[in-house]
């Protein structure tokens, strides 16, 4: 594990074509150029460097995940996109407009093309579902008849047309978030920001809300930015991902690329959340560091890529003529790519000979499967 | 009790309702914006103006800590300037309004602060102006609290209005002192107290009912 992590230190940030700052102006829906955000010291609290050296672009029409632990700078990032905060340095371009340079009425007009949904829904308890959806339209000065028609259309779009006159206190979490989504889409924004929008929902409801967001992206072409600390959300929905850690972008690119070849320890730890890198308890308790004569060497093999690892055990056993034991396996799929690990038991000779182990490592490295020895079992 | 005395009670009740009603109305007209401003003008808030907020806070506190009867006497010149006289129910409205405005403002401030800050951020993210946020988010969301605040203010004003009776303000307090106390008419004193209790009950029940009606947070099917 540690040997594996040390690989990432000092490596350049992994950036693929699609999400790089080099993307042409019109292809980018949101572009961060030289952004840093520092909160000044206040009332004895020291200043905080929330974001530093942020340069990336979110492709138009994409679903892009921004993933990070709490305190990584996700909230600051999202508040820069919708202009609720100004960067300390740099510019934020949203839909070809420098939102960081706008203020007052101009900013408020620009904000109407940026929708946002929230973890705790943030619905007005004093308004019905329909009136909540109507709020941004009232703010934008729409007429009564237009508003009414648009609200009905939106509630139908998010699948809760029957909840028109219900108050938030009468709705379930999933229904409240649907109202939130309808409200965010009311003014036909080009970007939808989702700030941990499913973090307060159960897994089944989360799935339904993510499906709804996917269909909105598909049918309306709205660019969706998913701010989240949950790997499962990025995996289910996003095609692009930006990994934030301590105010820096540590990796960005296609979800499939980033998570099949994670370089930064933070990315690896997010990946571990879905594929799991812990061993079964009964196996872990038996592992000892020294070779056991007549026992097995325990080797973890990382599996990455489409169809990778399907026949690995069979081929290894056949080509090296070994009795390979499959001790544990966990393989999942992210954006069509297999990601996971196999834990194999390779026989050690009765006098402690490691010939088979050496040949196994050579074979694995020939086929470019990263592998590490975890220890030995009897 | 003689019909004359009953007429006196009815007339005094009318005076009290006039004083309290007008003072509550004026107190709300001045106190509501003041309370909203107090709740939204600290550093980093909607109408951030920390210096003005601080000054207003001191003035509000000073007014609230001055005993009402002293306030009434102290502002007699001002009362005369505004109402043309310092005696009678109309004149009493001036000190009642001045006493109720900071009281209502503080209650409004507390009710507005109860509104989830996330809602302000939400409305801002839709491009709502600060005024729109106050009118469409803060006040509607705080309405149950505001109604209870107003109820409390009216009940306090009923008490204060009995006090202005002592300085020639008219109303039930005046009646109670002149007839009940100075003329030793215990039945008059009792009648005045009963009417005041009934008024407080009525106001409180009406306020509670309205606050419950508009409170959607607690309403479940």
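Residue numbers (the numbering used here), protein chains in the order written: chain V, 249 to 626; chain U, 636 to 856.
Quick reminder that beta carbons are idealized off the backbone N, C-alpha and C, glycines included.
In this text the structure is predicted, and so the values were computed from the model without any measurement.
Three-way DSSP call (helix, strand, coil) for residue i in this model
i                      : result
residue 360 of chain V : coil
residue 820 of chain U : coil
residue 379 of chain V : helix
residue 366 of chain V : strand
residue 567 of chain V : helix
residue 550 of chain V : strand
residue 811 of chain U : helix
residue 776 of chain U : helix
residue 643 of chain U : helix
residue 354 of chain V : helix
residue 436 of chain V : coil
residue 469 of chain V : coil
residue 577 of chain V : strand
residue 803 of chain U : coil
residue 261 of chain V : Low local confidence applies: a pLDDT of 48 at residue 261 of chain V is under 50, so the model's placement there is unreliable, with the coordinate-based value given in what follows. Of the three classes helix, strand and coil, the one that applies to residue 261 of chain V here is coil, per DSSP.
residue 321 of chain V : coil
residue 767 of chain U : helix
residue 445 of chain V : coil
residue 796 of chain U : helix
residue 337 of chain V : strand
residue 510 of chain V : coil
residue 251 of chain V : Below a pLDDT of 50, predicted positions are generally treated as unreliable, and residue 251 of chain V, at 38, falls in that range; the measurement from the model is reported next regardless. It is helical.
residue 346 of chain V : strand
residue 789 of chain U : helix
residue 636 of chain U : coil
residue 737 of chain U : helix
residue 761 of chain U : coil
residue 494 of chain V : coil
residue 279 of chain V : strand
residue 301 of chain V : strand
residue 307 of chain V : strand
residue 742 of chain U : helix
residue 753 of chain U : helix
residue 629 of chain V : Outside the shown range of chain V (249 to 626) lies residue 629 of chain V, about which nothing can therefore be said.
C-beta atoms of residue i and residue j nearer than 8 Å
i                      : j                      : result
residue 666 of chain U : residue 739 of chain U : yes
residue 492 of chain V : residue 315 of chain V : yes
residue 309 of chain V : residue 471 of chain V : yes
residue 844 of chain U : residue 703 of chain U : no
residue 474 of chain V : residue 517 of chain V : no
residue 686 of chain U : residue 677 of chain U : no
residue 476 of chain V : residue 313 of chain V : yes
residue 605 of chain V : residue 592 of chain V : no
residue 503 of chain V : residue 486 of chain V : yes
residue 747 of chain U : residue 773 of chain U : yes
residue 807 of chain U : residue 800 of chain U : yes
residue 732 of chain U : residue 662 of chain U : yes
residue 523 of chain V : residue 588 of chain V : yes
residue 625 of chain V : residue 542 of chain V : no
Proximity test, residue i beta-carbon vs the ligand NAP heavy atom, cut-off 7 Å
i                      : result
residue 601 of chain V : Annotation note on the ligand NAP: not contained in the displayed structure, which lists no ligands.
Contacts that residue i makes with chain U (C-beta to C-beta distance below 7 Å)
i                      : result
residue 364 of chain V : 760
residue 368 of chain V : 753
residue 386 of chain V : 771
residue 419 of chain V : Ordered by position in chain U, no residue passes the 7 Å Cβ test against residue 419 of chain V, which lies about 11 Å from the chain.
Residues sharing a beta bridge with residue i, DSSP
i                      : result
residue 532 of chain V : None; residue 532 of chain V has no bridge partner.
residue 489 of chain V : V/313 and V/501
residue 629 of chain V : Coverage of chain V is limited to positions 249 through 626, which leaves residue 629 of chain V absent and any answer about it impossible.
residue 846 of chain U : None; residue 846 of chain U has no bridge partner.
residue 558 of chain V : Its beta-bridge partners do not exist; DSSP assigns none.
residue 624 of chain V : V/536 and V/545
residue 474 of chain V : V/313 and V/442
Contacts that residue i makes with chain V (C-beta to C-beta distance below 7 Å)
i                      : result
residue 764 of chain U : 356
residue 836 of chain U : Here the premise fails: no neighbours, minimum Cβ distance about 28 Å.
residue 767 of chain U : 387
CB contact check: residue i to chain C, cutoff 8 Å
i                      : result
residue 778 of chain U : The chain labelled as chain C is not found among the protein chains of the depicted structure, namely V and U.
Neighbouring residues, chain U, relative to residue i (Cβ below 8 Å)
i                      : result
residue 310 of chain V : Within chain U, no residue comes near residue 310 of chain V; the closest Cβ sits about 21 Å away, beyond 8 Å.
residue 330 of chain V : 760
residue 474 of chain V : Neighbours of residue 474 of chain V on chain U: none; closest Cβ ~16 Å, over 8 Å.
residue 402 of chain V : Those within 8 Å of residue 402 of chain V in chain U number zero; the least Cβ separation is about 14 Å.
residue 485 of chain V : By Cβ distance, chain U contributes nothing, its closest Cβ being about 21 Å from residue 485 of chain V, past 8 Å.
Neighbouring residues, chain V, relative to residue i (Cβ below 8 Å)
i                      : result
residue 756 of chain U : 332 and 370
Proximal chain U residues relative to residue i, where beta-carbon distance stays under 9 Å
i                      : result
residue 360 of chain V : 761 and 762
Residue ranges of each alpha helix (DSSP H) run of no fewer than 4 residues wholly in the region 651-733 of chain U, ordered along the chain? 685-700, 703-709 and 711-718
Can you give, in chain order, each stretch of the alpha helix (DSSP H) that sits fully within the region 383-433 of chain V and has at least 4 residues? For the region 383-433 of chain V, whole alpha helix (DSSP H) runs of length 4 or above, ordered along the chain, are 392-405 and 421-433.
Return the chain-ordered ranges of every beta strand (DSSP E) run that is complete within the region 579-621 of chain V and spans a minimum of 3 residues. 585-595
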